Amino acid sequence: MSVTMTQAVEAVKSMFEENGWRYKFDEESMIFTTGFNLSETKLGSTNISILIRPVYDDPEHCFRINSYAGIGLKADSDNIQQVCEYITRANYGLNFGNFELDFSDGEIRFKVSYNVKDGLVGFDALDDMISQPVTMLNQYGNGLMSVIMGMMSPEEAIRKAEEEE
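The following block contains the structure:
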């Protein structure tokens, strides 16, 4: 049975509602947005966007669901190389999702993606699109802040972040 993008939207809405999470949905852009407190890091909070986008030759039945978790901090020209090293070290060995750094403006985010073709990602997988970014930002957020502020080297910050897991 083929699953349409409309069914995927309904599945994401159900995931938010079953968890009791507040969200906004822009039907025109097919983007869900929500925010979460980060209880284990000084980052404070994250804004998460879930995008549903067509891919392949059959855009109604083949699509990608991406989750992006942004933070309020950006790398600047003085620390972008150190931040890049930190997130590269953080990404090494991650099984699911990854940190990204935009060299043009210093934006840092965590991304999770699923490709869907003739099927639907289950509730647990959709839930992971929220929980995984929150978990990773909680684990690596303090180290990221330490590197941005020049208080630790990327290697020291990763060591500390991964000791605490």
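Per our numbering, the very first residue in the sequence shown carries number 16; after that it's consecutive. We put the CB at the ideal spot given by N, CA and C, even for glycine. Only a predicted model underlies this, so the values are computations on that prediction, with no experimental measurement involved.
Next item on the list: Please state whether DSSP places Ser152 in a helix, a strand or coil.
Entry: For this step, residue 152 is matched to residue 137 along the sequence shown. Looking at the sequence provided, one finds Leu at residue 152 rather than Ser. Helix.
Item checked: Presumed contact (8 Å Cβ cut-off) between Val7 and Asn94, rounded CB distance -> No information on residue 7 is available, as it lies outside the stretch 16 to 180 that the chain covers here.
Item checked: beta strand (DSSP E) runs contained entirely in the segment 77 to 121, provided each spans 3 or more residues -> 77 to 89, 113 to 116
Check: Leu116 CB to nearest chain D CB: under 9 Å?
Finding: No chain D is present in this structure, which holds just one protein chain.
Checklist line | Segment limits, beta strand (DSSP E) that includes Arg9 | finding: This structure cannot speak to residue 9, because the chain is shown only from 16 to 180.
Check: Looking at C-alpha atoms only, which residue of Thr19, Gln147, Gly158, Val149 is the closest neighbour of Ile67?
Finding: As a working note, residue 67 is residue 52 in the sequence shown. Taking only the C-alpha atoms, the option nearest Ile67 is Thr19.
Check: Taking all protein chains shown into account, do 16 or more other C-beta atoms lie within 10 angstroms of the C-beta of Val131, making it buried, or fewer, making it exposed?
Finding: To locate residue 131, count along the sequence shown from 1; it is residue 116. That one is buried.
Next item on the list: List the endpoints of the continuous alpha helix (DSSP H) containing Lys175.
Entry: For the purposes of this step, residue 175 is identified with residue 160 of the sequence shown, where counting begins at 1. Lys175 -> alpha helix (DSSP H) spans 169 to 178.
Check: How about Phe125 and Gln147: are their beta carbons less than 9 Å apart?
Finding: Counting from 1 along the sequence shown, the entry for residue 125 is found at position 110. Counting from 1 along the sequence shown, the entry for residue 147 is found at position 132. The answer is yes: Cβ separation under 9 Å.
Checklist line | Start and end residues, alpha helix (DSSP H) containing Lys28 | finding: On the sequence shown, position 13 is the one that residue 28 refers to. Its alpha helix (DSSP H) spans residues 20 to 34.
Item checked: Anticipated Cβ contact below 8 Å, Gly112 with Met160, distance rounded -> Numbered from 1 along the sequence shown, position 97 holds the residue referred to as residue 112. Numbered from 1 along the sequence shown, position 145 holds the residue referred to as residue 160. That pair is no contact at about 20 Å.
Item checked: Close-in-space but distant-in-sequence residues of the same chain around Phe78 (CB under 7 Å, 5 per side omitted) -> In the sequence shown, the residue the question calls residue 78 occupies position 63. Hits under 7 Å: Met20, Ala23, Ile67, Arg68, Pro69, Val70, Val131.
Item checked: Rounded separation between Thr38 and Ile63 - CA only -> Here residue 38 is taken as the residue at index 23 of the sequence shown, counted from 1. Here residue 63 is taken as the residue at index 48 of the sequence shown, counted from 1. Strictly speaking, residue 38 in this sequence is Tyr, with Thr absent from that position. Distance between the alpha carbons of Tyr38 and Ile63: 10 Å.
Next item on the list: Express the C-alpha separation of Met166 and Ala84 in angstroms, rounding to a whole number.
Entry: Residue mapping note: residue 84 aligns to position 69 of the sequence shown, counting from 1. Residue mapping note: residue 166 aligns to position 151 of the sequence shown, counting from 1. Approximately 24 Å between the Cα atoms of the pair.
Notebook entry, point to check: Can the beta-carbon of Thr61 be found closer than 9 Å to that of Phe47?
Noted result: Against the sequence shown, residue 61 aligns to sequence position 46. Against the sequence shown, residue 47 aligns to sequence position 32. Taking 9 Å as the Cβ cut-off, Thr61 and Phe47 do not qualify as a contacting pair.
Check: By how many angstroms is the C-alpha of Leu116 removed from the C-alpha of Glu178?
Finding: To locate residue 178, count along the sequence shown from 1; it is residue 163. To locate residue 116, count along the sequence shown from 1; it is residue 101. Approximately 24 Å between the Cα atoms of the pair.
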